[in-house]
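Under the numbering used here, residue 262 is the last one in the sequence shown; the count climbs by one each step, no gaps.
Ideal placement from N, C-alpha and C gives every residue a C-beta, glycine not left out.
It should be emphasised that the depicted structure is a prediction, and the values quoted were computed from it without experimental measurement.
Heads up, the thing below is written out as structure tokens.
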Amino acid sequence: MLKRVIYCLFLSLLAGCKTTGDPTTGGLYGWSEEKAKQRQAQLNRRVVDIEAQMNAIEEENQELESDKVQLTQLIVIQSEKLNALIASHDALLDKIETYKGLEHINQTKISQLKTRYPWLGLSREEVLRQFQEAASESRQQQMLNQLESELESLAQEIDMIL
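Dropping the structure here:
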């Protein structure tokens, strides 16, 4: 029986030596209530700090989510504007091509008119000088009539061009 008591006492001492001082892990010796309270307070502070960090992260996430929604809306608006600008650009390119074709046609008609009516290439002063150099009044009248008819046909052709 004495051996059993000594054996139990030995096991109790052995178990008491392996304590960590942390009341949550158990143990018989080396445990201090003050240390346990300090440890609990430290753990509580850590929990509060972590909760504060979590709250800050959640607020930041909400702000980022709000920014994301706003940026997504802005992207949609800017995409619509870009698509409208691209369509406008394409329409303008089509108009440019049309006007280039019309310009070529008009230049051809102007060249034909200058060939048909050489006086169109002269300045106003040169036309007046040639008119004054005409020998007789009848010649001047013929030239005047010819110029008027040419001017009328030219005006009609210009109207057709425009």
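Annotation: the continuous alpha helix (DSSP H) that includes SER179 extends over 133 to 216.
In this structure, the CA atom of LEU192 is about 36 Å from the CA atom of TYR217. Taking a cut-off of 8 Å for Cβ pairs, the stretch 247 to 254 and the stretch 215 to 232 touch, as three or more such pairs fall below it.
Taken through DSSP and simplified to helix, strand or coil, LEU251 comes out as helix. In the DSSP assignment, LEU228 falls within the unbroken alpha helix (DSSP H) covering 224 to 233.
For MET260, the three-state secondary structure derived from DSSP is helix. Within the same chain, Cβ atoms closer than 6 Å to the Cβ of GLY221 are found at LYS214, the five residues on either side in sequence being excluded. For MET101, the secondary structure class from DSSP, reduced to helix, strand or coil, is coil.
Distance between ASP259 and ASN245, taken at the CA atoms: about 21 Å.
As the crow flies, the alpha-carbon of PHE231 is around 13 Å from that of GLU248.
Separation of ARG139 and GLU159 (C-alpha to C-alpha, rounded to the nearest whole angstrom) is 30 Å.
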